[in-house]
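For reference, the structure discussed in these notes is given below.
Numbering (this note's numbering), first residue to last: 2 to 107.
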């Protein structure tokens, strides 16, 4: 039961912070129609991919990066370059958050 609660808490933390990261990244990279609603949609899907593949050492982050880049490209209707920038920002900040949460569990 505790593991399920920890997984749910981790999902919520990654989702909330990820949505803010995606919205800020879209605004920063100059996406014309950047909205919190679109960031919310990408945030849910990206968090599911992140939780599913983050346990893989390096390959998981590559999969997450590619998935986020494609999701950003499709939902925000932007260029691949802007999707690349937003995906880099998302993956790096989520990696830092993951390291911080790991330290808290020690």
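A virtual CB, placed ideally from N, CA and C, is assigned to each residue, including glycine.
When you compare only the Cα positions, how much space is there between residue 36 and residue 20?
Within the chain shown, numbered from 1, the residue matching residue 36 stands at position 35. Within the chain shown, numbered from 1, the residue matching residue 20 stands at position 19. Cα-Cα distance, rounded: 11 angstroms.
Taking the continuous alpha helix (DSSP H) assigned at residue 48, which residues delimit it?
Reading the chain shown from its first residue, position 47 is the one you call residue 48. Looking at the DSSP string, the run of the alpha helix (DSSP H) that includes residue 48 is 37-54.
Would residue 69 and residue 32 be called neighbours here (beta carbons separated by less than 8 angstroms)?
Within the chain shown, residue 69 is the residue found at index 68, counting from 1. Within the chain shown, residue 32 is the residue found at index 31, counting from 1. Cβ distance not < 8 angstroms, so residue 69 and residue 32 don't count as in contact.
Go ahead and pull the three-state DSSP assignment for residue 20.
Indexing the chain shown from 1 puts residue 20 at position 19. Of the three classes helix, strand and coil, the one that applies to residue 20 here is helix, per DSSP.
So, with DSSP's three-state summary, where would you put residue 33?
As a position in the chain shown, residue 33 is number 32, starting the count at 1. In the structure shown, residue 33 sits in coil (DSSP, three-state: anything other than H, G, I, E or B).
According to DSSP, simplified to helix, strand and coil, what is residue 101?
What you label residue 101 is simply residue 100 of the chain shown in a count that begins at 1. Residue state, collapsed to three classes: helix.
Under 8 angstroms between C-beta atoms of residue 98 and residue 18
The residue labelled residue 98 in the question sits at position 97 within the chain shown. The residue labelled residue 18 in the question sits at position 17 within the chain shown. Against a cut-off of 8 angstroms, the Cβ pair of residue 18 and residue 98 comes out as a contact.
Coarse secondary structure for residue 70, derived from DSSP in three states:
Your numbering for residue 70 matches position 69 in the chain shown. Correct three-state label for residue 70: helix.
Taking Cβ to Cβ, would you say residue 1 is nearer than 8 angstroms to residue 59?
This structure cannot settle anything about residue 1, because the visible part of the chain is limited to 2 through 107.
Distance, residue 5 Cα to residue 56 Cα
Here residue 56 refers to the residue found at position 55 when the chain shown is read from its first residue. Here residue 5 refers to the residue found at position 4 when the chain shown is read from its first residue. Taking the straight line from one Cα to the other gives about 16 angstroms.
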